[in-house]
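Mapping of the sequence shown onto this note's numbering: residues 189 to 499, in sequence order. Built from N, CA and C at the ideal position, the CB exists for glycine as well. It should be emphasised that the depicted structure is a prediction, and the values quoted were computed from it without experimental measurement. Note sheet for the following structure.
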Amino acid sequence: MNGVAGALSADAVAGAVYAAVRHCATHLRPDVLAAMQTARADETQARALSVLDCLLENAHIGQADGVPICQDTGTCWVRLEIGEELSVPGNILSRVNDAVARAYTDSRLRMSVLADALLDRTNTGDNTPAFAEVAFRPGRGATLHVLLKGGGSDNASRVVMLAPGAGWEGVRQVVLDCVHEKAANACPPLIVGVGVGATFDKVAGLAKHALLREVGSPAASPQAAAREAELLAAVNATGIGPAALGGNATALAVHLETAPCHIAALPVAVNMGCSAMRSASIDLVSWETGLPVANPTANLAYTPVEEGGNR
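This is the structure we're talking about:
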């Protein structure tokens, strides 16, 4: 790594954040693209086919022309996972903010962050502050996660504190109620992140972290994976469909993350991820040494379809 051995370079972190923001704004995540192409191949309803064609064409244009794939370029959520054996510069979060501001300004992305939610709703002008967190883990590795999150999908999300007796059926109902009431406003087809456990303030983080997982990769626990499959089938059985115009693919995936909790609690959070799912994960150690990064520059192939045809 650059600098002192065992030290994480603030310049490298800032450079990775800058590159990730600019990339995410114009690129649909490759796994989401693949899932959307599969959904398109499996769709049977004409309006849903038309919507999915538009979304796939939009993803192609975004990458080909270097323009945002959604006009809502979102708030910037950043998570740094840093090995305990690495030293970390004290100004790392301010450098993250600087990188986000430069990326949004240089890419001419829409600025969507206000100075204060209640007391001063003036635009900060550079899409900062970023909503950043740092987590420590064993070893010398370091990973950066960047997620650009639009307002519509977060507005369609919720936290519910259930009584423990509600059990799985209660959790399931929270997810389905949220989908029935809010999915249409979250730009489906969705990635649905579900968190169960922890505390009131932490369960929403579980649901948001679930959105980072690759679509098509089930939870590590077979029990949790079975619950994910059950939820996905139930969500798609609603028939809400792409753009809420009806169809088979209301969601491309449901990802469930669980955690310990208090004996008297059953916290549940649902965080909707919209059809423009924009995130990247970067191995910062490889980034510093010039090796390939963990994500996110897959080639995007788009083949236009004749009206009424199948991709």
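Here A351 has L454 as same chain residues with Cβ atoms under 7 angstroms from its own Cβ, once five neighbours each way along the sequence are excluded. The C-alpha of T312 lies about 20 angstroms from the C-alpha of A202. Separation of S405 and A395 (C-alpha to C-alpha, rounded to the nearest whole angstrom) is 16 angstroms. Residue pairing for A323: DSSP places it in a beta bridge opposite E269. With respect to the C-alpha of D241, the residue from Q225, V423, L335 and L332 having the closest C-alpha is Q225.
Closest in alpha carbon position to E272, among L196, A439, T438 and G355, is L196. Taking the C-beta atoms as reference points, G461 is found no nearer than 8 angstroms to A236. In the three-state reduction of the DSSP assignment, H333 falls in the strand class. Distance from the Cα of V458 is smallest, within the candidate group L419, G434 and G194, for L419. Three or more beta-carbon pairs separated by less than 8 angstroms link the stretch 463-471 to the stretch 257-272, which places the two stretches in contact. Taking C-beta atoms under 8 angstroms as the contact rule, A374 and S341 qualify, at a distance of about 5 angstroms. Taking a contact to require three or more Cβ pairs closer than 8 angstroms, the stretch 430-442 and the stretch 378-390 qualify as touching. For E245, the enclosing alpha helix (DSSP H) stretches over residues A234 to D253.
In this structure, the beta-carbon distance from N285 to T310 does not fall below 8 angstroms. With a 10 Å radius around the Cβ and a threshold of 16 neighbouring Cβ atoms, P326 comes out exposed. A residue is called buried once 16 or more other Cβ atoms fall within 10 Å of its Cβ, and E416 is buried on that count.
For the stretch 330-371, the full-length beta strand (DSSP E) segments reaching 3 residues or more read 330-337 and 346-350 along the chain. The three-state reading of DSSP puts G262 in coil, since its state is none of H, G, I, E or B. Taking C-beta atoms as the reference points, V348 and L444 fail to come closer than 8 angstroms.
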